[in-house]
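A.B. asks:
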Amino acid sequence: MLLKKYTFKSEKNGPAVLFLGAIHGNEPAGSKAIYMVLEKFASLALTPLKGSVSFIPVCNPKAFEKDVRQIDENLNRIIKKYDNPKTYEQQLANELVEHISQADIIIDLHSTFCPLGEPFIFSDYPNDMADKISSSLNIKYIIKGWPQIYATSSTILDLSTGACAQSFGKTCLTIECGHHYAENSVQTAYYSIMNTLLCLEILQGYPSKQIKQEYIIMDSIIFKTKEGKLSKDYNHLDKVTTGEILATYDDGTTEVCPKDAYILLPKANALVNCEWFYLGHLQKDL
Ligand SMILES: [Zn+2]
């Protein structure tokens, strides 16, 4: 076994919740927060009132040790069973599939390279439970529609933790807790874990929710099809307007904003043929 999993069980029936950290090795915030909560369960300062709580603090141990995103490939795009795993991440995926299949609710903690690092939730396969948990968290933006835009792209399959959970009929939220190395990101991850456990009544009390939340629906994905540059140093969730030139290729052709939108996950240094940025809109504009 490559992955270390820690489980704390109640005698009483209830949901099995699994927290995942460092699916990407250079995202330590979720792992740090998981260790903080894990220690409280291990020392019996916290005990589950029902169901069970499991933690895998580091889902890509080799990449985590080297502080890199991945060893051979992006783990969060390849989560399925492999009969003959050929890469390190495929071996990890085989273990993760088992763990995900054994849980009812999976909370996958990530962080971003974006300098402002506003936290947000990816609710890829929303259901009542996913909505209940995400609305108990102190995170302003909830982004939906990721699988739908990937369905329109023939180049990338959605083989994320969320898609894997969905294939087993489980609930999954992916939380982007902020910038990789910001102390706030650890706090966001920590309170997301605690509020999830309170919301599920695995711990006693009420989630401390203060924020008004907004739902953003992803509309499109823009691949960097050839060499070029973004027009600005865009931040995730910046507003962009109809007709704005978002990016210019070296051959002079451009990517123009088709309608007022939010720019999501812009990657200034994206490689050719990779995801460059996404566009989305507020749900109330529907
Ligand atoms: Zn990540």
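Residue numbering for the sequence shown follows the working numbering, starting at 52 and increasing by one per position. Every residue, glycine too, gets a C-beta built ideally from N, C-alpha and C.
#1: Report the rounded CA-to-CA distance for Y300 versus G294, giving the unit in angstroms.
#2: Is DSSP giving A312 helix, strand or coil here?
#3: Do you know how far the Cα of C110 is from the Cα of A312?
#4: Give me the Cβ distance between K340 and N189, rounded to the nearest whole Å; I'm assuming they're in contact under 8 Å.
#5: Count the C-beta pairs between the region 93 to 113 and the region 129 to 137 that are closer than 8 Å, then say yes if the count reaches three, no if not.
#6: Would you tell me roughly how many angstroms separate the C-alpha atoms of V148 and A298, rounded to the nearest one?
#7: From which residue to which residue does the alpha helix (DSSP H) around A154 run?
#8: Let me make sure I understand the geometry here. Which of E124, M180, K101 and E169 has the alpha-carbon closest to that of Y192?
#9: What is the rounded straight-line gap between the Cα of V104 and the Cα of M87?
#10: For the beta strand (DSSP E) that E265 lies in, which residues bound it at each end?
#11: Just how far apart, CA to CA, sit A214 and D175?
#12: I need the straight-line Cα distance from L322 to P198, nearest angstrom please.
#13: When you measure from the CB of K127 to every non-hydrogen atom of ligand 1, does any distance come out below 7 Å?
#14: Any idea if Y339 is buried or exposed, counting beta-carbon neighbours within 10 angstroms, 16 or more meaning buried?
#15: Looking only at its chain, what residues have a beta carbon closer than 6 Å to the beta carbon of N246, apart from the 5 residues adjacent to it on each side?
#16: Tell me, please, which residues DSSP counts as bridged to S105.
#17: Comparing alpha-carbon positions, which option in I267, C250, E278 and L224 lies nearest D289?
#18: By the 10 Å Cβ neighbour count, where 16 or more other Cβ atoms means buried, how is C325 classified, buried or exposed?
#19: What does a CB cutoff of less than 7 Å around A339 pick up in its chain, not counting 5 residues either side in sequence?
#20: Using a Cβ-based criterion (distance less than 7 Å to any ligand heavy atom), does I74 qualify as near ligand 1?
#21: Look at I107 and H75 and say whether their C-beta atoms are less than 8 Å apart.
#22: Please report how far the alpha carbon of L100 lies from the alpha carbon of L254, in whole angstroms.
#23: Do the region 156 to 163 and the region 132 to 146 make contact, defined as three or more Cβ pairs closer than 8 Å?
C.D. replies: Looking at the coordinates:
#1: Cα-Cα distance, rounded: 16 Å.
#2: Under the three-state reduction of DSSP, A312 is assigned to strand.
#3: About 34 Å.
#4: The chain is shown from 52 up to 337; residue 340 falls before or after that span and cannot be answered.
#5: Flag = no, the region 93 to 113 and the region 129 to 137 do not touch.
#6: A direct Cα-to-Cα measurement between V148 and A298 gives close to 38 Å.
#7: Where A154 is concerned, there is no enclosing alpha helix (DSSP H), given that its DSSP letter is neither H nor E.
#8: With distances taken between Cα atoms, Y192 lies closest to E169.
#9: Spanning the two alpha carbons is a distance of roughly 14 Å.
#10: Counting along the chain, the beta strand (DSSP E) containing E265 begins and ends at E265 to F274.
#11: When rounded, the distance between both Cα atoms is 8 Å.
#12: Distance between the alpha carbons of L322 and P198 is about 22 Å.
#13: Reading the sequence as shown, one finds Asn at residue 127 and not Lys. Answer for N127: yes, Cβ within range of ligand 1.
#14: Shown here, the chain extends from 52 to 337; a query on residue 339 therefore has no answer.
#15: Once the five neighbours on either side are set aside, the close Cβ partners of N246 are S187, L188 and P258.
#16: For S105, which the question treats as bridged, DSSP gives the partners T58 and L69.
#17: When each option's Cα is compared against that of D289, the closest is I267.
#18: With fewer than 16 other Cβ atoms inside 10 Å of its own Cβ, C325 counts as exposed.
#19: Because the chain here runs from 52 to 337, residue 339 falls outside it and cannot be looked at.
#20: For I74, the distance from the CB to the nearest heavy atom of ligand 1 is below 7 Å.
#21: The answer is no: Cβ separation not under 8 Å.
#22: Taking the CA atoms as reference points, L100 sits about 6 Å from L254.
#23: Under the Cβ criterion (8 Å, minimum of three pairs), the region 156 to 163 does not count as touching the region 132 to 146.
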